Amino acid sequence: SQQGEEDPQALSIQEGENATMNCSYKTSINNLQWYRQNSGRGLVHLILIRSNEREKHSGRLRVTLDTSKKSSSLLITASRAADTASYFCATEAFGNEKLTFGTGTRLTIIP
Amino acid sequence: DAEITQSPRHKITETGRQVTLACHQTWNHNNMFWYRQDLGHGLRLIHYSYGVHDTNKGEVSDGYSVSRSNTEDLPLTLESAASSQTSVYFCASSIVPGTGELFFGEGSRLTVL
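One line per chain: the protein sequences are V and R, in this order.
FYI, in the numbering used here the residues of the first sequence are 77 to 187.
FYI, in the numbering used here the residues of the second sequence are -9 to 103.
Right, here's the structure in full:
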């Protein structure tokens, strides 16, 4: 069963705009991670946020976590064509050390 | 540079045949995972290993097996391939179970006719 569900499934924006994608999950978690997947490639880790953190930054990435709503958001600021990819959230639930992935958001940056 | 490699990258096989997908990592990570990726399902865990001679079933393990005879390799075997196993398969490794990032291979696209 899927732990994380991303929203929207697909997003197209102009280069330079900000992109926001959301992830909802079902059970209590230890941490939540975001990954990027370029077409035909493997997933690449972007950022990890722990359950006791509310916000984390890494370069142009900003991740928030709301454990009361069981949701997270990934914001990419000043988007670039190279940001075109699919983005997945993954959760590690309490008592379960394996990562469970969502279905992903496909982001297209229009030059 | 340390890396994780999968082979073959593409394979076409027939229903009922045995297929083995190789995964080799040079990071000396104890933890290795196999996922399959299908449209609408995201990535689903097939099998995983936390060290040599350790193997565990994941969410969708039926029809698959793994063995771990050394730290570097975790081959995935489809005992009798079925059309439902047509998918893209990803191997991943990590240093610490679940508390850090996964490092993924480039994937193996398997088609079962």
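Ideal Cβ positions, reconstructed from N, Cα and C, are used throughout, including at glycine.
Here the structure is a predicted model, which means the values were calculated and not measured.
Item	Value
A71/R, buried or exposed, once every other Cβ within 10 Å from all chains shown has been counted against 16	buried
C-alpha distance - G6/R paired with T76/R, whole-angstrom precision	13 Å
Cβ-based neighbour list, E91/R, same chain, cut-off 8 Å, excluding 5 preceding and 5 following	S84
Inter-residue spacing [alpha-carbon to alpha-carbon] between Y38/R and A166/V	16 Å
Positions along the segment 118 to 134 of chain V whose CB lies within less than 8 Å of some CB in chain R	G118, L119, V120, H121, L124
Three-state secondary structure (DSSP) of T45/R	strand
Burial state of I125/V, where buried means 16 or more other Cβ atoms lie within 10 Å	buried
Assigned exposure category for S77/V - 16 Cβ within 10 Å defines buried	Its pLDDT being 46, under 50, S77/V is placed unreliably by the model, and the measurement read from it follows with that caveat. Flag for S77/V reads exposed.
G41/R: contacting residues in chain V (beta-carbon distance under 7 Å)	Residues of chain V passing the Cβ test: none, with the nearest at roughly 13 Å.
The segment 168 to 181 of chain V / the segment 103 to 120 of chain V touching (three or more Cβ pairs under 8 Å)	yes
Minimum Cβ-Cβ distance from L35/R to chain V less than 8 Å	yes
Neighbour flag for Q78/V against chain R, beta carbons, 8 Å	Here Q78/V scores only 49 on pLDDT, less than 50, and its place in the model should not be relied on; the value that follows carries that caveat. Yes, Q78/V lies at the interface with chain R (some Cβ there is under 8 Å from its Cβ).
G95/R: contacting residues in chain V (beta-carbon distance under 7 Å)	G118
Residue-chain proximity (L150/R, chain V), Cβ-Cβ < 8 Å	Any question about residue 150/R goes unanswered here, given that chain R covers just -9 to 103.
For L75/R, three-class secondary structure by DSSP	A small correction: the amino acid at residue 75/R is Gln; Leu does not occupy that position in the sequence shown. Of the three classes helix, strand and coil, the one that applies to Q75/R here is helix, per DSSP.
Exposure label - E93/V; buried when at least 16 CB within 10 Å	exposed
Three CB pairs or more closer than 8 Å across the segment 154 to 168 of chain V and the segment 180 to 187 of chain V	yes
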